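Trainee: Take 0 as the starting number for the sequence shown in numbering that gives the first Met the number 0 and just add one per residue.
One structure is given below, represented as structure tokens, and several questions about it will come after.
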Amino acid sequence: MDAVEGSNRAKYECLLFDMDDTLYPMSSGLNLACRKNIEDYMLQHLNIEESEVPRMCLELYREYGTTMAGLKALGYEFDDDEFHAYVHGRLPYESLKPDPVLRNLLLSMPQRKIIFTNADREHVAQVLNRLGLEGCFEGVICFETLNPPPEPTEYNEELEGNGVCKEGESESEDNAADMAESNSFRPRSPILCKPSVEAIEAAIRIANDDPKKTIFFDDSARNITSGKAAGLHTVIVGSSVLVPGADHALGSIHNIKEALPEIWEGEEGEQLEQVIQTTAVETIVLA
Ligand SMILES: [Mg+2]
0 MDAVEGSNRA KYECLLFDMD DTLYPMSSGL NLACRKNIED YMLQHLNIEE SEVPRMCLEL
60 YREYGTTMAG LKALGYEFDD DEFHAYVHGR LPYESLKPDP VLRNLLLSMP QRKIIFTNAD
120 REHVAQVLNR LGLEGCFEGV ICFETLNPPP EPTEYNEELE GNGVCKEGES ESEDNAADMA
180 ESNSFRPRSP ILCKPSVEAI EAAIRIANDD PKKTIFFDDS ARNITSGKAA GLHTVIVGSS
240 VLVPGADHAL GSIHNIKEAL PEIWEGEEGE QLEQVIQTTA VETIVLA
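Rendered as structure tokens:
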């Protein structure tokens, strides 16, 4: 936190990073492997017709942000954790290698840095560990953050009776599965995820950011468009050309210093770098 103290007057105060295909390149193969696992899950666990699976997987991804969100919108019932364990549990994580260049870049940035991903917490932990980026981020906004499990229905009499969790918790925003047919065009998903502007606004609230002083990095053009709609400064990663809503384009996250020197502006960057080098061994506590 001490590194952040001096940045009150800085142009940017917070950096929101997507993780998959943003902090490491698409060429790692994780993305393809993940899609294959999702297709297997649809076939094996949801008994979806084999010939339908690839098309459906892609269409739901396009329509809902994640295939999982689309499946839920269509009324498929399955356990979130089980799904994540299935599709991420067998990913070739070994193809991700430590990235000390990126680590040093991240640690030298004076702003707060937060991961904002549609993936689940366990996957985030695996990826950050493999990339050697633990300790580089103040926090993680992930699937579980935006989609907390429903409140337990049975009263836990053992808990102290201070009323913290008992009354007034029947929020209207609980699972919206029964709203599936309320929208005329498409059923709504109970899952909150990018690229919905609502999800991005929720992340901004959770991170307690001022969007005008926040830069959002993502490899997905549609996420960038939504990020801009939510008022963020935006950077498309993995593309050398701008997409709608993008303020900058970065072929690789490694090019960040050349493309966005203003991140380091107004700060005693070199001093800070040295301070951070000495504290870089600290371990992050995820979410
Ligand atoms: Mg991504």
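Don't be surprised by glycine CBs; every beta carbon is placed ideally from N, CA and C.
Just so it is clear, the structure is predicted and the values come from calculations on it, not from any experiment.
Counting only runs of 4+ residues fully inside the segment 239-265, write out the alpha helix (DSSP H) ranges in chain order.
Mentor: List check, alpha helix (DSSP H) in window: 255-258.
Trainee: If you count every other CB in all the chains shown that lies within 10 Å of the CB of residue 264, and 16 or more means buried, which is it?
Mentor: As a first step, residue 264 must be located in the sequence shown, where it is residue number 265. By the 10 Å Cβ count, residue 264 comes out exposed.
Trainee: Where does residue 195 land, buried or exposed, given buried means 16+ other C-beta within 10 angstroms?
Mentor: The count along the sequence shown starts at 1 and reaches residue 195 at position 196. Buried: at least 16 other Cβ atoms inside 10 Å.
Trainee: By a C-beta neighbour count over all protein chains shown, 10 Å radius and 16 as the cutoff for buried, is residue 14 buried or exposed?
Mentor: Locating residue 14 in the sequence shown gives position 15, where the first residue counts as 1. Classification for residue 14: buried.
Trainee: Using 8 Å as the Cβ pair cut-off and three pairs as the minimum, do the segment 205-221 and the segment 184-191 touch?
Mentor: Contact fails: fewer than three Cβ-Cβ distances are below 8 Å.
Trainee: Short of 8 Å in beta carbon distance, which residues of its chain neighbour residue 251, apart from the five on each side in sequence? Order them along the chain.
Mentor: Within the sequence shown, numbered from 1, the residue matching residue 251 stands at position 252. Here the set comprises 24, 236, 237.
Trainee: On the DSSP bridge list, what partners appear for residue 216?
Mentor: For the purposes of this step, residue 216 is taken as the residue at position 217 of the sequence shown. Per DSSP, 16, 234.
Trainee: Run the CB neighbour count on residue 19, radius 10 Å, all protein chains shown included, and call it buried at 16 or more, exposed below.
Mentor: Taking the sequence shown and counting its residues from 1, one reaches residue 19 at position 20. Buried, since its Cβ has 16 or more Cβ neighbours within 10 Å.
Trainee: Would you say residue 223 and residue 104 are within 8 Å of each other, going by their C-beta atoms?
Mentor: Indexing the sequence shown from 1 puts residue 223 at position 224. Indexing the sequence shown from 1 puts residue 104 at position 105. No, they are not a contact pair.
Trainee: For residue 215, which residues in the same chain have their Cβ closer than 6 Å to its Cβ, ignoring the five residues on either side in sequence?
Mentor: Within the sequence shown, numbered from 1, the residue matching residue 215 stands at position 216. Excluding positions up to five away in sequence, the list reads 15, 226, 231, 233.
Trainee: At a cut-off of 7 Å, would you count residue 289 as near ligand 1, judging by its Cβ distance to the nearest heavy atom?
Mentor: No statement about residue 289 is possible, as the shown extent of the chain runs from 0 to 286 and does not include it.
Trainee: Which runs of the alpha helix (DSSP H) spanning at least 4 residues fall entirely within the segment 105-149, listed in chain order?
Mentor: Within the segment 105-149, the complete alpha helix (DSSP H) runs of at least 4 residues are 120-130, 142-145.
Trainee: Please report the straight-line C-alpha distance between residue 77 and residue 62, rounded to a whole angstrom.
Mentor: Working through the sequence shown from its first residue, we reach residue 77 at position 78. Working through the sequence shown from its first residue, we reach residue 62 at position 63. About 20 Å.
Trainee: Let me check understanding here. Comparing Cα to Cα, which of 139, 121, 96, 192 lies closest to residue 146?
Mentor: Locating residue 146 in the sequence shown gives position 147, counting from the first residue. Answer by Cα proximity: 192.
Trainee: Three or more C-beta pairs closer than 8 Å, one from the segment 82-91 and one from the segment 111-121: is that the case here?
Mentor: As far as the Cβ criterion goes, the segment 82-91 touches the segment 111-121, which means the pair count is three or higher.
Trainee: CA-CA distance, residue 144 and residue 115?
Mentor: Against the sequence shown, residue 144 aligns to sequence position 145. Against the sequence shown, residue 115 aligns to sequence position 116. In a straight line, the C-alpha of residue 144 is about 10 Å away from that of residue 115.
Trainee: Taking C-alpha atoms, which residue in 98, 107, 79, 49 lies nearest to residue 22?
Mentor: For the purposes of this step, residue 22 is identified with residue 23 of the sequence shown, where counting begins at 1. Of 98, 107, 79, 49, the residue nearest in Cα terms is 98.
Trainee: For the alpha helix (DSSP H) that contains residue 29, what are its first and last residues?
Mentor: Taking the sequence shown and counting its residues from 1, the one referred to as residue 29 is at position 30. Unbroken alpha helix (DSSP H) run through residue 29: 29-43.
Trainee: Starting from residue 60, follow the alpha helix (DSSP H) in both directions and report where the run begins and ends.
Mentor: Numbered from 1 along the sequence shown, position 61 holds the residue referred to as residue 60. Residues 52-63.
Trainee: How many Å lie between residue 138 and residue 110 at the Cα?
Mentor: Here residue 138 refers to the residue found at position 139 of the sequence shown. Here residue 110 refers to the residue found at position 111 of the sequence shown. Answer to the nearest angstrom: the Cα atoms are 13 Å apart.
Trainee: Just the Cα atoms here: how many angstroms apart are residue 30 and residue 151?
Mentor: In the sequence shown, the residue the question calls residue 30 occupies position 31. In the sequence shown, the residue the question calls residue 151 occupies position 152. Distance between the alpha carbons of residue 30 and residue 151 is about 34 Å.
Trainee: Straight-line CA distance for residue 199 to residue 71?
Mentor: For the purposes of this step, residue 199 is taken as the residue at position 200 of the sequence shown. For the purposes of this step, residue 71 is taken as the residue at position 72 of the sequence shown. Distance between the alpha carbons of residue 199 and residue 71 is about 20 Å.
Trainee: Any idea if residue 291 is buried or exposed, counting beta-carbon neighbours within 10 angstroms, 16 or more meaning buried?
Mentor: The chain is shown only over 0 to 286; residue 291 falls outside these bounds and no answer can be derived.
Trainee: Say the cut is 7 Å; is the CB of residue 225 nearer than that to a heavy atom of ligand 1?
Mentor: For the purposes of this step, residue 225 is taken as the residue at position 226 of the sequence shown. No - ligand 1 has no heavy atom lying nearer than 7 Å to the Cβ of residue 225.
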